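Residue numbers (this note's numbering): 2 to 251.
The beta carbon of each residue, even a glycine, is placed where N, CA and C say it ideally should be.
Just so it is clear, the structure is predicted and the values come from calculations on it, not from any experiment.
First comes the structure, then the notes that go with it.
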């Protein structure tokens, strides 16, 4: 077998692994949407496998020579928030009136909003350069969110006392809803006493948005990544009668 045949066989094997990771991404996204928010940690592991490179390991899309050819959709429309004192994105805060005052829901960004506001970026700007949150003088990137959830918060490893993890977790801008009987609203900022569980919920929602961005990047650039995958059966890759993750493949 010549080198060309070897190269083609290797690429076909990588494409199979890509299909497996995309299926994992879809299943975990569906579980998050069905009410299991900690599934965001598994989403972080999938994204790490797909795009995260270190001195000791090479991401799947890098091995496919595709990562730097692709364009990555930014839900913030390319907004540069590096100089912001307190900035939060990729998570949506909704306040409603409840029996005991105000109720806060934390949600990922809808796919329709991503497509409306989204801007296509080169990988490094999407992954590291442009922060998705700022607070306490810290800039939190998509790379940071994936690292925190996959490597410290339980996706693939637990290290809750790692100094950087604690520092960034305490730098996530938080929301305090209020209802005074007439006015309904919320305050956003860094609290004096941090609520780590609230911060984790915000990171989980942001991770779900990141997963949707990755899924869109894959789906919209299949001709580059895996041309034959568009032909998969309509019932393939599903976990139920409906397509739980947002998006149309056709």
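Option nearest residue i by Cα separation, candidates the options
i, options, result
"residue 26", "15, 80, 12, 42", "42"
"residue 134", "54, 227, 89, 153", "89"
"residue 86", "218, 228, 137, 33", "137"
"residue 75", "198, 145, 211", "211"
"residue 128", "51, 9, 162", "51"
"residue 1", "126, 13, 94", "The question about residue 1 has no answer here: the residues shown for the chain are numbered 2 through 251."
"residue 115", "209, 170, 199", "209"
Span separating the alpha-carbon of residue i from that of residue j
i, j, result
"residue 164", "residue 119", "33 Å"
"residue 248", "residue 91", "Confidence is the limiting factor: at residue 248 the pLDDT is only 37, short of 50, which leaves the residue's position unreliable and the question unanswerable from this model."
"residue 11", "residue 21", "16 Å"
"residue 195", "residue 201", "11 Å"
"residue 23", "residue 46", "12 Å"
"residue 204", "residue 130", "18 Å"
"residue 37", "residue 44", "12 Å"
"residue 221", "residue 193", "43 Å"
"residue 172", "residue 28", "30 Å"
"residue 123", "residue 35", "32 Å"
"residue 238", "residue 111", "Low local confidence applies: a pLDDT of 40 at residue 238 is under 50, so the model's placement there is unreliable, with the coordinate-based value given in what follows. Each residue's alpha carbon lies about 21 Å from the other."
"residue 148", "residue 77", "21 Å"
"residue 17", "residue 96", "43 Å"
"residue 63", "residue 144", "15 Å"
"residue 49", "residue 108", "22 Å"
"residue 39", "residue 169", "18 Å"
"residue 59", "residue 132", "23 Å"
"residue 82", "residue 158", "30 Å"
"residue 214", "residue 142", "14 Å"
"residue 56", "residue 30", "29 Å"
"residue 104", "residue 146", "25 Å"
"residue 72", "residue 125", "10 Å"
"residue 223", "residue 19", "11 Å"
N- and C-terminal bounds of the alpha helix (DSSP H) containing residue i
i, result
"residue 224", "223–226"
"residue 50", "41–52"
"residue 64", "61–64"
Range covered by the beta strand (DSSP E) that runs through residue i
i, result
"residue 75", "73–75"
Any non-hydrogen atom of the ligand SAH within 6 Å of residue i CB
i, result
"residue 127", "Among the ligands in the structure shown, none appear at all, so the ligand SAH cannot be discussed."
Rounded Cβ spacing between residue i and residue j (contact assumed at less than 8 Å)
i, j, result
"residue 67", "residue 225", "6 Å"
"residue 94", "residue 167", "Not quite, the Cβ-Cβ distance comes to about 23 Å (not below 8 Å), so this is no contact."
Taking only runs of the beta strand (DSSP E) that begin and end inside the stretch 100–180, which ones reach a length of at least 3 residues, in chain order? Runs of the beta strand (DSSP E) inside the stretch 100–180: 102–109, 120–122, 134–136, 139–141, 175–180.
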